Every structure is written in structure tokens, then in C-alpha cells.
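What follows is a set of notes on a single structure, which appears directly below.
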Amino acid sequence: MAVTAARASRRSESVAGWAFVSPAAVIILLFGAVPIVWSLVMSFQRNNLLSPHTPFVGLRNYRQLIHDPAVVSATEHTVIYTALFVPGTMIVGLFLAVAMNRELKFIWLYRTAAYATMAISTISEALVFIWLFDPSYGIVNYFFSAVGLPQQQFLNDPSQALGVIVVMTIWGWTGFAVVIYLAALQGVPKELTEAAAIDGAGRWATFRRVTLPLLSPASLFLAVWLTINALQLFDEVYLSTQGGPLGATTVLVYYVYVQAFQNFNFGYASAIAYLLFIVILVATAIQFRVGRRFTYYRS
Amino acid sequence: MGTNRLRALCTLIACALAAAGLAACGAGSGGSGSGKSISIWEGYTGAEQQEFTRLVAAYEKANPGVKVNVLQVNNDNTLQKVLTAVRGGTQPDIAYLYGSWAPNIAKIPQVVNLTKAVSKPSVNWNDFWVGERAVATVNGRVIGVPALVDNLAVVYNKTLFAQAGLTPPAATWTWSQFQADAKALTKPAIKQYGTAYVTPGSEDTVWHWEVLLWEAGGQILNPSNTKAAFNSPAGLASLNTLRTMAVTDHAMYLDPTDSPYANLFNSGKVGMLVTGPWDLSAFNNVHYGVQVMPEFPGTGGGHQTIAGPDNWVLFNNGAAQVSAAEKFVLWLTAPAQAKAFSLATGDLPIRQSVANAPGFTSQMNTALPGVDTFIANLGNVRQARPQIATYPQISQVLGPMIVSVLLGKSQPKAALDQAAAKVNSILAGSGS
Chain U
395 MAVTAARASR RSESVAGWAF VSPAAVIILL FGAVPIVWSL VMSFQRNNLL
445 SPHTPFVGLR NYRQLIHDPA VVSATEHTVI YTALFVPGTM IVGLFLAVAM
495 NRELKFIWLY RTAAYATMAI STISEALVFI WLFDPSYGIV NYFFSAVGLP
545 QQQFLNDPSQ ALGVIVVMTI WGWTGFAVVI YLAALQGVPK ELTEAAAIDG
595 AGRWATFRRV TLPLLSPASL FLAVWLTINA LQLFDEVYLS TQGGPLGATT
645 VLVYYVYVQA FQNFNFGYAS AIAYLLFIVI LVATAIQFRV GRRFTYYRS
Chain A
114 MGTNRLRALC TLIACALAAA GLAACGAGSG GSGSGKSISI WEGYTGAEQQ
164 EFTRLVAAYE KANPGVKVNV LQVNNDNTLQ KVLTAVRGGT QPDIAYLYGS
214 WAPNIAKIPQ VVNLTKAVSK PSVNWNDFWV GERAVATVNG RVIGVPALVD
264 NLAVVYNKTL FAQAGLTPPA ATWTWSQFQA DAKALTKPAI KQYGTAYVTP
314 GSEDTVWHWE VLLWEAGGQI LNPSNTKAAF NSPAGLASLN TLRTMAVTDH
364 AMYLDPTDSP YANLFNSGKV GMLVTGPWDL SAFNNVHYGV QVMPEFPGTG
414 GGHQTIAGPD NWVLFNNGAA QVSAAEKFVL WLTAPAQAKA FSLATGDLPI
464 RQSVANAPGF TSQMNTALPG VDTFIANLGN VRQARPQIAT YPQISQVLGP
514 MIVSVLLGKS QPKAALDQAA AKVNSILAGS GS
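First to last, the sequence lines map onto chains U and A.
Residue 395 is where the first sequence starts when you use the numbering used here, and the numbers rise one by one after that.
Residue 114 is where the second sequence starts when you use the numbering used here, and the numbers rise one by one after that.
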């Protein structure tokens, strides 16, 4: 008797549970899963979204992207960008977080200021950096000339433009890294650092041997999260260089945009998007595999 | 027990899907309607939005029982939205679409063929500028009614010209005069440039150059649009003209992001700018004048310019809807409404009869000094970009070609030949 009642209540509980999640689940399916599957289908079609004629072309789009020099260079730019942006953001974020992890007057002001970069819209960010790095009127070149460095062309120079985008996005994401590291730093127990100090460890050694390993879960999270975002870079490029000069900042997602919305090659664009999906999947898998070895979870 | 839970779950999902489906149906206007209610997607803001709202209200008042449902969409995103809607059968009756999309738009089966509608004498189709009609027509089929027209001319800083002891440009001026003026206006010590050029390598880079190409007597493609024609003496002359200013004279500020150039002109840092009427209202801090584009004497090209018209495009939601939408768009673009819209917004008149109406130009010029030259310059729009679906890809070859020359990375002749080879392969269908 009692067993049946318990079972019945458990059943009604699970029905209630499903009732609560199903609206969200349906929305996620509708707006998440459907486009994902649809773009996979499109990647095997010749599809311009304009005419209803969408012949199945098998792997043609995928074969084409292997031989497309623009895909090769866009992949290169994406990888170079990610390799600079992810460590850059983590180092700057860690530095600021450590600097702000102390009792100071107006510390809340500094912390808010650091996070403010996340709250500023990308369009304002892009405009500010365009002016900062303007070859003729920008403040960066002004400082360069003040300290006797040669004037740079920045966004007008194909070899420097991607670097400017890296600096711009590191600035934009620093607040995020600071918040994650600051939270992790607050979780580092005082007794461990004090014990290290008593054992004669200097400040650097304490940081290197005690604090940094304790931050490793946060570092892994940031590395994965920032990499996924870096591989999907688009807004900053779209709003500043539009892929130029001479294609130097054309990253994969920007090239997908060009193929889809300028050239109307939605089938081909979908195939490139799936290439990017695989790149992200592999990168994330490697990060988790390698990260596990270096990550220390205190239990 | 298991089946029970499954059934409950299925019911829930079915309910949620049905609700989502109903919501989707409610949002669109698809299906065949009675023509009593038409939907229109447009991206007007500010003064344009105000005047458009006023015109819509006037139309509804004059046509009792007809409702015009306006949905504001950022113009840059309208095409994406339309493509999605067409797939779901929820396309609007009318959408404001960029002219550069026209050859691709024409492939959408639901796009209404307006050839017959605009041939009615009451429409007076030839009253629209030739540049507009060219962009609204794809392979002889009219797929849109002109909604907006622009063109490029030279805006110059009168104060800087006086300081340099130069006479302001005359309507008969040449590109060598432009070059000489640019050089004289360039003062590296105070970071002042003679002129500026937008170099993101996008279509904005390309259409500025296309004017020079046409004026030098050149063409982008051959008459049948099957081969590149820009790798010609005219192409060389046009690129060399720009190259001299950018590379040899350092008289040209290169703007890779399409944004600081206007602020710099408004700050008196740039002497001359090739731009359109949309920038004029931003030049409050300088004393500016406007002149038509210079010419290349002896080429027969004369003074030309390029128009960037946009269209009202109609989508088929049944005969009654199409006829109601046609009626509204033809009313909206009729001389009286076109005139009111221009006067309220400063936008160039989409019809020649409006431009020629007595007092119109001076009225426009009072509100926006210099716009009279842009209005007159519409008469210098003699040709349009090739109306082919692969033009965006061709533009992506021409943009980097121009930028590489301006940055001094390649020589004009080599850049032209290389670009021509790429364009030919796109036209042959082997390009991606």
C-alpha cells in the first residue's frame, strides 16, 4: 500500500518536472536544434535560399572548401587570432584579478571598472579602437612618436590589422576573465598561503606553487570558454575592418557571412560552418584532455 | 507506468508546439488575403520615419477600410528576414530592399513582376531616373519600384581652399585639377590631407572607383556581361589617378573602416571628399561646397556619377494582396508623395518631374546646403553596375584590387590583370 502511494507521488512529481521543462525544451529544440540540423542538410545542397530549387550535391561543398584558398587563409587567421587572444586575455585578467584581490579603499570601484568592458557595446568598443589606432590621428602612434618608435599603419597594414583586433578583443573580454579569476582567488584558503610563507616561500613562489595550481579549474574554464568564443570571432571584424585590409582579418565566421549573405551561397557557407564546428569540437576536446592533467580540484 | 509518463510528455510537447505554431501564424501575414490589410517592412528612422508614418496615415484616411501594417526592420537585415519569411510562407506584401540585391532577389519565385503595372501611363515610369530604372529591372523584368536614390559628388572645404590660395572647383574641372588641389591641400605638419578614400575593400571602395572607370571611358564588363572589361587603358588611367594621390603625393587619407573620414572632414582635416548627400547633415563645423565629379578630358566620358538606388519589392500573397500592395506603392512613389518625402527628409527626389518642379531645388537647398548639386548630378547617372547575380563576387575581387594599389602593394597594371582573370573565372562559373 505504502509502496504504491510513494510510487504514485514519484510519478506525479516527474510529470510535474517534465511539465516545467518542456516549454523551454521545445523552444530550445525549435530555435537551436532545428537550425543546426537544417544547416547540416543545406551543407549537402546547392542552396541560395532564394529559389526553391535546391539540388543535393553530396560532398561537393566540402570538397570545394578544401581547395578554396580563402578558406585556408581564413582558418589561418582564426587560429593565429585564437592563439594570441586566449592566453592574452587570461594573463591580463589574472594580473588584474591578483592586483584587485586585496583590501583597498574604493576596491569596488576598480572591480566595477574592470568589469565595465563587458558591459560596453561592441560597436562603441570598435569605434574607440579605430580612433586609438588611427595611423595619423590616433593616440597610440602619438605615444610611439613620443618615445621615438616608428609610426605604424595598424588597420591599414595587412600584417598588423589582426593584431589590433586581438588587442581590441582582449580589452573587451578582460572584465570577464577578471571576474572569474577574482572569484577563484577568493576561494584560495588563507591557511595555505600562510603555511607556505611560514615554510619560507617568497611571494612569487607562493603564487606560483600554491595560488596558481588552485586557480587551475578557473583557468581551464576560461581557456575553453575563450577559445570557443575566439574561434567564432565576427562582430569586431564586421564593425571595423570588414575582413580587410586585403583579407588580413577575414576569419572563418566572417567568411561564412560573406558566402551566405553577400554571395548567396548558403550551401557552401553551411559546409564552412560545419568545418568550424569540427575545429571547435576538436579544440575543446584537446583542451579537456590536456587540461585534466594540469587541473587540480581541491576536495 | 512508463507509457503513461510518455503520453503525458507527448501531450505537453504537442501543446507547446501548437502554441508556438499559432504564434508563428499570428506574426506573419502570409496566405492569400482580401487586400484590406497590407504589410510592409521598411527601415526608416528619424525624419524619414516620421514622414513615412504621416504618408501611411494619409493613405489609410483616403482609402477607408484599408490598413497598412508597418514593421520596422534594420535595412541591413531585411533580406535575411525576407528569405526566412519566404521559406515559411509568411513574406510581407512589400519590403524595402537594397538595389544591390536586385539580381538575386529576382530569383525568389514569390517576387511580383511589376513590368505591366509600371507600364501604365499614369505611373509615368520614365519619370524615374535612368539609374533607378536600371537597378529596378533584371533581365527586362521590373522587380521593384524606386524607393531612394543617391549619387556621389565632391564635397570640399571652402576655408581650406581659400587658405591654400586655390580657386574652388568649377563644374568643368578635371581629375588632374583634383590631383593638384589635393596635393596643395595636403599639409603633413598639421596632419591635413587633400582628400580621403574608404578602403575596407567592400562595395563602398568599389563604387567610388567605378565612377572614375566610366569617366575614363571604361566599362566593368563587356556588353553581354560574360567577360571582364576593366583591364583597359581606362582602368589603368582610373587606378593611376588614385594611386598618384595615395602613394606618390601622400595626399589621400585611407580609411580602412569606413568611419573616421566624415569626422575628419567635419574637423577640417580633409580638403575634399567624394561622398553622397547622406553625409551633408553631419558637416556642421565646416564651410563646405559641393561640385560634380571631375572628368578625364578627351575620353568622351564626361562628368558622370553612380547611383545607389533602393527598391520597394512586392511579394505574392494572392491576387487581392498584390493589387492592394501595388496600389499603395504606386501612390507612395507618385510625384506628390515623392516631393513631400524629399522636402521633409532631404532625400534626393526619386522622380525627375519633382526635381524640375519650380522652387523645389531652392527649397531643398535651404534645409540642406549643397544638396542642389546632388539633385542636378542625378542627370549625370548614365550607367549602372552590371545587373547580374554574381556582381557581389566580382565586387569582392575589385575591392582588394583597388586597396592593394592604394596601399602601394601592387602596380595598377598587374592588379588589373590579376583581378580580370579572377572575374573571368567567376563569370565562367568556375569561381565559388
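By construction, the Cβ of each residue, glycine as well, lies at the ideal position given by its N, Cα and C atoms.
Quick caveat, the model's predicted, so the values are computed rather than measured.
Proximal residues to residue i (C-beta, below 7 Å), its chain only, five neighbours per side dropped
i               : result
A136 of chain A : Bear in mind that a pLDDT of 41 at A136 of chain A, under 50, signals an unreliable position, so the number given afterwards is only what the model happens to contain. So the list is empty, once near-sequence residues are dropped.
Q653 of chain U : N659, Y662, A663, I666
Q439 of chain U : T448, P449, F450, V451, G661
I517 of chain U : L633
G115 of chain A : Since pLDDT at G115 of chain A reaches only 42, below the 50 mark, its modelled position is unreliable, and the value read off the structure follows with that caveat. Correct list: empty, nothing qualifies.
S191 of chain A : The sequence given here places Thr at residue 191 of chain A; Ser does not occur at that position. W154, G156, A208, Y209, L210.
N217 of chain A : A502
L279 of chain A : D294, A297
I674 of chain U : I622, L625
T469 of chain U : L646
G143 of chain A : Low confidence applies here, because G143 of chain A scores a pLDDT of 45, under 50, leaving its location unreliable; read the following figure in that light. For G143 of chain A, where only same-chain residues beyond five positions count, the Cβ hits under 7 Å are G202, T203, Q204, N430.
C128 of chain A : Model confidence at C128 of chain A stands at a pLDDT of 44, short of 50, so the residue's coordinates are unreliable; what they give is reported in the following sentence. Here the set comprises nothing.
Per-residue contacts from residue i into chain U (C-beta, under 8 Å)
i               : result
T312 of chain A : N550, G638, P639
K220 of chain A : N442, L444, S445
L196 of chain A : L443, L444
Y366 of chain A : S530
S517 of chain A : L640
Contacts that residue i makes with chain A (C-beta to C-beta distance below 8 Å)
i               : result
I524 of chain U : T370, S372, P373
L521 of chain U : S372
Under 7 Å from the C-beta of residue i: neighbouring residues of chain U
i               : result
P205 of chain A : Those within 7 Å of P205 of chain A in chain U number zero; the least Cβ separation is about 16 Å.
L520 of chain A : N550, P639
Q193 of chain A : F655
K304 of chain A : S530, Y531
S315 of chain A : Q636
Delimiting residues of the beta strand (DSSP E) encompassing residue i
i               : result
E408 of chain A : Here E408 of chain A belongs to no beta strand (DSSP E), and DSSP marks it neither H nor E.
K220 of chain A : Note, K220 of chain A: premise wrong, no beta strand (DSSP E); not H, not E.
I533 of chain U : Segment 533-540 is the alpha helix (DSSP H) holding I533 of chain U; no beta strand (DSSP E) there.
M494 of chain U : Premise fails: M494 of chain U lies in the alpha helix (DSSP H), 463-494, not in any beta strand (DSSP E).
T388 of chain A : 383-388
Y209 of chain A : 207-211
S150 of chain A : 150-155
G307 of chain A : 306-311
Y401 of chain A : 401-404
V425 of chain A : Position check: residue 425 of chain A holds Trp in this sequence, whereas Val was assumed. Where W425 of chain A is concerned, the enclosing beta strand (DSSP E) stretches over 423-427.
Same chain, Cβ closer than 8 Å to residue i, five either side skipped, listed in chain order
i               : result
F628 of chain U : V645, V647, Y648, Y651
A397 of chain A : Before going further, note that residue 397 of chain A is Asn rather than Ala in the sequence given. Excluding residues within five positions, the ones whose Cβ falls inside 8 Å are N379.
S436 of chain A : G148
H416 of chain A : A284, E328, V405, M406, P407, E408, N493
E690 of chain U : Residue identity differs from the one stated: residue 690 of chain U is Tyr in this sequence, not Glu. The residues are P607, L608, S610, P611.
P639 of chain U : L549, N550, D551, P552, A555
Alpha helix (DSSP H) segment containing residue i, residue limits
i               : result
S634 of chain U : Taken as a continuous stretch (DSSP letters only), S634 of chain U belongs to no alpha helix (DSSP H), as it is neither H nor E.
A599 of chain U : 597-600
D530 of chain A : 525-540
G566 of chain U : 555-580
V186 of chain A : Premise fails: V186 of chain A is in no alpha helix (DSSP H) and is neither H nor E.
M436 of chain U : 428-436
Y172 of chain A : 159-175
V673 of chain U : 660-688
Integer Cβ distance of residue i from residue j, believed to fall under 8 Å
i               : j               : result
P313 of chain A : Q547 of chain U : Between Q547 of chain U and P313 of chain A the Cβ distance is about 15 Å, and since that is not below 8 Å, they are no contact.
P422 of chain A : G244 of chain A : 6 Å
F537 of chain U : Q545 of chain U : That pair is no contact at about 11 Å.
T446 of chain A : I463 of chain A : 6 Å
Cross-chain neighbours of residue i in chain A, by beta carbon under 7 Å
i               : result
E634 of chain U : Looking at the sequence shown, residue 634 of chain U is not Glu but Ser. Within chain A, the residues near S634 of chain U are T370.
N657 of chain U : P505, Q506
Sequence-distant residues of the same chain with beta carbon closer than 6 Å to residue i, five excluded per side
i               : result
V403 of chain A : A266, V268, G483, T486
A277 of chain A : A297, L298
Worksheet item: Do three or more CB pairs link the stretch 445-456 of chain A to the stretch 182-193 of chain A at distances below 8 Å?
Response: Verdict: no, contact absent.
Worksheet item: Is the stretch 332-346 of chain A in contact with the stretch 524-542 of chain A, if contact means three or more CB pairs nearer than 8 Å?
Response: yes
Discussion item. Would the stretch 475-483 of chain U count as touching the stretch 606-626 of chain U if we require 3 or more Cβ pairs under 8 Å?
Written reply: yes
Worksheet item: Are the stretch 172-179 of chain A and the stretch 374-390 of chain A touching by the rule of at least three beta carbon pairs closer than 8 Å?
Response: no
Fill in: Segment contact flag, the stretch 226-235 of chain A with the stretch 250-259 of chain A, C-beta cutoff 8 Å, min 3 pairs
yes
Worksheet entry | Meets three-Cβ-pair contact criterion under 8 Å: the stretch 158-170 of chain A and the stretch 408-418 of chain U | no
Worksheet item: Using 8 Å as the threshold, is the stretch 560-573 of chain U in touch with the stretch 505-516 of chain U, meaning 3 or more CB pairs across them?
Response: Judged by Cβ distances under 8 Å, the stretch 560-573 of chain U makes contact with the stretch 505-516 of chain U, as three or more pairs qualify.
Practice prompt. Check whether the stretch 297-311 of chain A touches the stretch 366-382 of chain A, counting contact only when three or more Cβ pairs, one atom from each stretch, lie closer than 8 Å.
Written response: yes
Worksheet item: Touching or not, the stretch 342-356 of chain A and the stretch 506-525 of chain A, by the rule of three or more beta carbon pairs under 8 Å?
Response: yes
Worksheet item: Between the stretch 492-500 of chain U and the stretch 583-600 of chain U, are three or more C-beta pairs nearer than 8 Å?
Response: With the cut-off at 8 Å, the stretch 492-500 of chain U and the stretch 583-600 of chain U do not touch.
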